[in-house]
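As structure tokens, the structure follows; a few thoughts come after it.
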Amino acid sequence: MRLPIALMAAVLVLGGCDGKKPAQDPPPAPAGGGAGDPPAVPKPVDTGWKASLEGLTPPASPARGMIRGSAFAFESGTLEDGRLQLRQGKDFFADRELSIFLFLKNEGEVPAGRSWSIKSSKEYNQPHVHIASRQGDELPDTDMFMNEYSMLLTLGEFRDGTISGSIWICLPDEKKSWVAGAFTARVKGFIMGPDGPDRTQDSLKLLQWLAKEHVEKANPGQTVKQEESRDSMCGVSDDPKAELDGIVMVKFRIGSAAPAWNRFRFHRKGEWRVVGVLPPHQFPEAHPIQPHAPGSQEEAEGLAAAAVEAELAGAPVFGAMVQGQGRDTWCLVRVQYSTSEDSSGDASERRFLYRKNGAAWALDRELREGEEIDYRSGAIKPAK
Numbered sequence: 176m177r178l179p180i181a182l183m184a185a186v187l188v189l190g191g192c193d194g195k196k197p198a199q200d201p202p203p204a205p206a207g208g209g210a211g212d213p214p215a216v217p218k219p220v221d222t223g224w225k226a227s228l229e230g231l232t233p234p235a236s237p238a239r240g241m242i243r244g245s246a247f248a249f250e251s252g253t254l255e256d257g258r259l260q261l262r263q264g265k266d267f268f269a270d271r272e273l274s275i276f277l278f279l280k281n282e283g284e285v286p287a288g289r290s291w292s293i294k295s296s297k298e299y300n301q302p303h304v305h306i307a308s309r310q311g312d313e314l315p316d317t318d319m320f321m322n323e324y325s326m327l328l329t330l331g332e333f334r335d336g337t338i339s340g341s342i343w344i345c346l347p348d349e350k351k352s353w354v355a356g357a358f359t360a361r362v363k364g365f366i367m368g369p370d371g372p373d374r375t376q377d378s379l380k381l382l383q384w385l386a387k388e389h390v391e392k393a394n395p396g397q398t399v400k401q402e403e404s405r406d407s408m409c410g411v412s413d414d415p416k417a418e419l420d421g422i423v424m425v426k427f428r429i430g431s432a433a434p435a436w437n438r439f440r441f442h443r444k445g446e447w448r449v450v451g452v453l454p455p456h457q458f459p460e461a462h463p464i465q466p467h468a469p470g471s472q473e474e475a476e477g478l479a480a481a482a483v484e485a486e487l488a489g490a491p492v493f494g495a496m497v498q499g500q501g502r503d504t505w506c507l508v509r510v511q512y513s514t515s516e517d518s519s520g521d522a523s524e525r526r527f528l529y530r531k532n533g534a535a536w537a538l539d540r541e542l543r544e545g546e547e548i549d550y551r552s553g554a555i556k557p558a559k
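176 is the number of the first residue of the sequence shown in my numbering; add one for each residue after it.
Written as structure tokens, this is what we have:
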């Protein structure tokens with residue numbers, strides 16, 4: 176049988192011309208492999224709970240671990256006002272969650288490019304850590320740690336509203352909870368950048384900052400100090416095109432004058448901005464930015480708020496809430512408020528019944544204590 180020439184040549188080279196072994200074996204390949212060899216695969220990081228993380232590096236794979244004895248696999252993360260949360264689960268309460276309170280020095284700071292390397296000790300001047308887990312629809316069980324844990328945490332670049340990072344943390348609980356790996360977190364809340372705050376964020380702290388900016392512009396050359404803030408509301412939406420409203424009641428001290436309360440009103444259309452300021456005795460419902468639609472529930476609420484405001488004759492109101500409910504032909508409006516700055520002070524509640532007179536609302540009367548409304552007919556039921 177004749178062999179192909181190429182195969183015969185291979186036999187001669189491998190076996191030698193006389194069938195004996197070559198005089199020398201070929202030299203061994205370099206340790207790193209030849210030029211055409213695939214790159215060496217790095218040895219996987221042996222993650223898990225460690226007594227010490229010294230000399231280790233968090234893995235590049237998505238964060239995973241064990242939290243209170245249950246397996247954890249990272250699904251979503253947020254960084255808001257210095258609190259980093261890594262979550263598994265989509266409900267309001269996560270199935271498993273790791274929260275780290277970083278205690279940033281500067282309000283609104285985004286700690287991009289920062290890292291923490293913490294050795295287990297009894298010191299308290301370090302981030303606080305909370306872990307939580309739940310079973311089914313139960314409320315989560317939570318453990319808190321202020322020390323005696325080990326952690327390697329690195330936060331990367333802040334871009335397009337998110338920040339990337341890596342973590343390896345080992346906690347001192349009985350079940351030896353740990354989390355290690357990479358994550359991406361959405362940055363929320365008040366964000367202060369080199370050119371000022373991010374005015375698109377839905378944050379009460381942003382509204383307070385905008386209120387102070389408004390007062391400073393109206394009082395150039397004078398110091399403005401925020402003393403207190405209360406009765407605040409900020410609309411929230413993940414849709415950047417959504418228009419939202421907000422309100423914050425703030426006490427500012429301007430220069431050497433006595434501190435004074437005012438209500439600041441805000442609107443978000445792309446960015447948040449101040450759209451009005453009310454003195455503390457005025458109800459926002461009685462002073463709409465845009466006129467209420469005739470015959471609307473909002474109009475009835477505004478009428479009731481204006482009636483109470485007139486009776487109080489300039490007294491400041493705190494904890495104000497105005498809420499109407501009813502049908503097309505009638506509306507019952509509850510007005511709750513206090514005239515005391517002390518949040519523990521007694522609150523008042525007034526109830527006003529309005530009925531349609533053509534297309535407009537007309538006051539029937541204020542309900543007395545114990546009286547109720549038949550919600551099917553709108554008739555007043557006497558007190559029992």
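Just so it is clear, CB atoms sit at the ideal spot from N, CA and C, and this is done for glycine as well.
Please determine, among the options, the residue with the shortest C-alpha to C-alpha distance to residue i.
i: E486; options: R525, G356, Q498, Q472; result: R525
i: A461; options: V425, G445, V510; result: V510
i: K294; options: S378, V492, P347, D221; result: P347
i: W343; options: T359, S513, M326; result: M326
i: D517; options: E229, G494, A554; result: G494
i: V449; options: I429, I464, T222; result: I464
i: G489; options: A393, Q457, P302; result: Q457
i: E157; options: D377, L328, G264; result: Examination of residue 157 is not possible in this model, given that the chain is present from 176 through 559 alone.
i: S290; options: P415, S513, P233; result: P233
i: K350; options: V508, I242, V483; result: I242
i: W505; options: D420, M367, A554, S245; result: A554
i: N300; options: N322, L382, V483, A246; result: N322
i: G410; options: G331, W447, V390, G477; result: W447
i: Q498; options: S515, L478, K416, K392; result: L478
What is the rounded straight-line gap between the Cα of residue i and the Cα of residue j?
i: A386; j: Q401; result: 10 Å
i: G371; j: D549; result: 54 Å
i: G470; j: F267; result: 37 Å
i: Y529; j: E403; result: 36 Å
i: A599; j: A475; result: Here the chain covers residues 176 to 559 and nothing more, so residue 599 does not appear.
i: V425; j: L379; result: 11 Å
i: E473; j: A558; result: 28 Å
i: I422; j: E388; result: 15 Å
i: S292; j: I366; result: 25 Å
i: G244; j: S352; result: 7 Å
i: W224; j: M408; result: 43 Å
i: L231; j: D221; result: 10 Å
i: E541; j: R502; result: 18 Å
i: I275; j: R262; result: 12 Å
i: V483; j: A432; result: 29 Å
Could you tell me the boundaries of the alpha helix (DSSP H) in which residue i lies?
i: H389; result: 379-393
i: A360; result: Element bounds for A360: not the alpha helix (DSSP H) but the beta strand (DSSP E), 353-363.
i: V483; result: 472-487
Hey, residue i and residue j are a contact pair by Cβ (cut 8 Å); roughly how many whole angstroms apart?
i: G336; j: R361; result: 6 Å
i: A269; j: A307; result: 7 Å
i: T398; j: G445; result: Not really, about 31 Å apart at Cβ, beyond 8 Å.
i: P315; j: L277; result: Not quite, the Cβ-Cβ distance comes to about 21 Å (not below 8 Å), so this is no contact.
i: C345; j: L453; result: Not a contact, Cβ separation roughly 53 Å.
Assuming residue i is part of the beta strand (DSSP E), what are its boundary residues?
i: L228; result: Neither: L228 is in no beta strand (DSSP E) and is coded neither H nor E.
i: S290; result: 290-293
i: R374; result: Here R374 belongs to no beta strand (DSSP E), and DSSP marks it neither H nor E.
i: H442; result: 435-444
i: K426; result: 419-429
i: F560; result: With the chain covering 176 to 559 only, the question about residue 560 has no answer from this structure.
i: V399; result: 399-409
Taking contact to mean 3 or more Cβ pairs, one atom from each stretch, closer than 8 Å, check whether the segment 257-264 and the segment 274-286 are in contact. Contact between the segment 257-264 and the segment 274-286 is present, with at least three C-beta pairs closer than 8 Å.
Within the chosen definition, does the segment 352-361 reach the segment 226-238 through at least 3 CB pairs nearer than 8 Å? Look at the beta carbons and you see the segment 352-361 touching the segment 226-238: at least three pairs across the two are nearer than 8 Å.
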